[in-house]
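Right, one structure below, let's go through it.
Protein chains in written order, with the working numbering: chain A, 697 to 1034; chain B, 206 to 535.
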């Protein structure tokens, strides 16, 4: 098996908002190999975005943070590395796609000059060669009439076209990894389908690895090889996407999946979901952070935080739960828990 | 007597666009909502669904058409009669963050409409506010809290409670759960289903999440570029869409089952939505339609019975059949 291109080990991020500190990410480990897609799934406040951006120095200005643990790109440590060096590694090796293409472009500059900027900086191309590269990149991402559109301003493109242009920008320096943070959340369904198709095709063709941050289980089902489910700053379940989505072990994963209306739902029937609200990270408590919303909770859940450990009945699947409902159901198929 | 029969008749809403003429956001739309019915309205951004919602609650003035509530035309009424009837159709906003005043407590927010309706007794108002909170599943002590102390899901419950203050027959919900976390959406959807079951409140439910709409609604209407292209019973439309746009929209939505998701075919639409300022001739979907023909450019299809509902297409069902063949042959 090839070496991981991006690897996190015991990664932690503390954020310092106006008052106090928030342990937004805690002890997170995963690895991403070339050509693979790892989806990080979670709801707001789960830490999925902070985990992916903070170690790379990409939190918005003004947000002060403290990163511990390790994040390595092709074996090179990024945590604690001076900004300038980190920017070099990032610029040459990692491309980014964000949720909102409009706010990711400079509204005052033409699209083409922004798309070719990484190539200009990291590959040392001449201005003319960079312009040709921009046309080539925009054509590659399916932007029709690219030669004319490179001279447009971002607001002159539709949402879908802007997202294509942002993907082109992410590809400009021929990165090994693309980090896509909710890449299709702001798009309409039919445009989302186009963009996901494009991402899959590019990954195939260019052999890139994809770190896909999303809340959309359907996107995970279609795209991901592996999935890590985050809750309250920690990974609560991790494994091959098919195993986790078909046979989730962690009660949170189960609740999250149950929240998605199934295709065979009957109109007018009540929705299944999770009770309560996501935890407040400012108020750290002992035990399992999910226990108050959990239908399976037992006594130790209040005092002891469950470690992320192998789910014995499913290969490569790990879950942070004292109960392990999947194992219980496997051992006692008649007594299905709630 | 069942109250709350809402009929939208040939509704058209236009906006002037500086230097470019007129934008027709809603074009000759007719819909009927039976008392207690939940009718889903789906479509992509810019299709006019929010404008339609705003027109129904009186926030946009239609260029043409009528909005009838139990026979009374809301667009024609004036004065106190208008205010009285308007109360019976209430809007629930998408974003509970910006639609609640941060300066008011939850109790004050809920009491405001009661005061406007003439409930002058302070004690009675507070009691009614507590009752409204209970209807949406919040404890009554939330009345003293400010919106900032609530989660997104709790704020949306308050938004619904406020809409219920005037005892409406119909709620117009514009993307009420889109801003909420997936695990919290179900709770809010159940509040709406319970209100229908307990009070008979009908709902015009606008959303882009088709899975959600399918489970919540009795019927679904699909909007494209200002007009309804298909309407039908929820399950029938979800399983067997007749219009090629409905088919594309449904095939575009990813499903959570990895085996199903990876084995099915999609209709990937190309091109861009036509401009509502300069509509194409004939069918307005034909510029992106995979099965469009010359006839579609010459002759605009009207809504006609197709399958279990109606579709505005010269070739209803054809796209669905082609897609099924593609999936079958892999």
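Where is the CB? At the ideal position from N, CA and C, for every residue including glycine.
For the options B/370, B/435, B/276 and B/437, the alpha carbon positioned closest to that of residue 336 of chain B is the one of B/370.
For residue 420 of chain B, the neighbours in chain A by C-beta distance under 7 Å run, in chain order, 957, 961, 963, 965 and 967. Relative to the Cα of residue 507 of chain B, the nearest Cα in the group B/212, B/311 and B/232 belongs to B/232. The shortest CA-to-CA distance from residue 258 of chain B to any of B/377, B/367, B/302 and B/209 is the one to B/377.
Close partners of residue 863 of chain A in chain B (Cβ separation under 7 Å) are lacking, with about 16 Å as the shortest Cβ gap. Straight-line spacing of the CA atoms in residue 528 of chain B and residue 750 of chain A works out to 43 Å.
Assignment of residue 773 of chain A by DSSP, reduced to helix, strand and coil, places it in the strand class.
The contact set of residue 918 of chain A on chain B, defined by CB atoms closer than 9 Å, consists of 459, 460, 463, 466 and 467 in chain order. At a Cβ-Cβ threshold of 9 Å, residue 742 of chain A and residue 929 of chain A count as neighbours. In terms of beta-carbon proximity, residue 837 of chain A stays away from the interface with chain B, with every pair separated by 9 Å or more.
At least one beta carbon of chain A lies nearer than 9 Å to the beta carbon of residue 243 of chain B.
Apart from the 5 residues on each side of it in sequence, residue 222 of chain B sits with its Cβ closer than 8 Å to the Cβ of 228 and 482 in its chain, given in chain order.
For residue 283 of chain B, there is no enclosing alpha helix (DSSP H), since its DSSP letter is neither H nor E. According to DSSP, residue pairing for residue 1006 of chain A in a beta bridge involves A/1014. A check of alpha carbon separations from residue 812 of chain A across A/1007, A/831, A/796 and A/938 identifies A/831 as the nearest.
Counting every other CB atom within 10 Å of its CB across the protein chains shown gives residue 343 of chain B a total of 16 or more, marking it as buried.
The beta carbon of residue 356 of chain B sits closer than 9 Å to some beta carbon of chain A. Ranked by Cα distance from residue 826 of chain A, the options A/869, A/999 and A/803 are led by A/869. Secondary-structure assignment with DSSP links residue 425 of chain B through a beta bridge to B/245 and B/437.
Rounded to whole angstroms, residue 922 of chain A and residue 960 of chain A show a C-alpha spacing of 26 Å. Contact annotation for residue 915 of chain A against chain B: 459 [CB-CB distance below 8 Å, chain order]. Look at the stretch 936 to 947 of chain A: the residues with a C-beta under 8 Å from a C-beta of chain B are 937, 938, 941 and 942.
Between the stretch 391 to 399 of chain B and the stretch 209 to 219 of chain B, the count of C-beta pairs closer than 8 Å stays below three; the two stretches do not touch. Collapsing the DSSP output to three states places residue 305 of chain B in coil. For the C-beta of residue 885 of chain A, the chain B residues within less than 8 Å are, from N- to C-terminus, 249, 413, 415, 454, 457 and 458. Comparing alpha-carbon positions, the option among A/809, A/996, A/933 and A/943 lying closest to residue 464 of chain B turns out to be A/943. Within 7 Å of the CB of residue 394 of chain B, the CB atoms of chain A belong to 967, in sequence order along the chain.
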